[in-house]
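Worksheet for the structure shown next.
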Amino acid sequence: MAEERLDPEALSRLVSVGLEVGDESGLEVANLDFCLTALLGSPPFAGAVPVITRLHGDALRVTYFEVEDGRPED
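Numbered continuously in our numbering, the sequence shown closes out at residue 76.
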């Protein structure tokens, strides 16, 4: 999804990827975290981290992409 929605230059500045995962989604959160950490640690990404929020229900969605823009934090 990040590769589809961000331009190639932004991929190398990706800081984190937010996800919401429901308790009934059928996913093992520890395994998802491990796989995403491995994926985001290799090119074209620059070591971004997954930020997983647990929810009730069967939700599974990407909520945001945080990209370093070089500006001081607001």
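Note that the Cβ used here is the ideal one computed from N, Cα and C, for glycine as well.
| query | For residue 36, which of helix, strand or coil comes out of DSSP? | reply | Residue 36 carries a helical assignment under DSSP once its states are collapsed to helix, strand and coil.
| request: Provide the residue(s) that pair with residue 18 in DSSP beta bridges, ordered along the chain. | output: 51, 68, per the DSSP bridge assignment.
| task | Give the secondary structure of residue 8 by DSSP, where H, G and I count as helix, E and B as strand, and everything else as coil. | result | Residue 8 falls in the coil class under three-state DSSP.
| task | May I ask you to verify whether the region 26-36 touches the region 9-16, counting CB pairs closer than 8 Å and requiring at least 3? | result | With a cut-off of 8 Å, the region 9-16 and the region 26-36 do not count as touching, because too few Cβ pairs lie within range.
| Going by other Cβ atoms of all chains shown within 10 Å of its Cβ, with 16 needed for buried, is residue 50 buried or exposed? | By the neighbour-count rule (16 or more Cβ atoms within 10 Å), residue 50 is buried.
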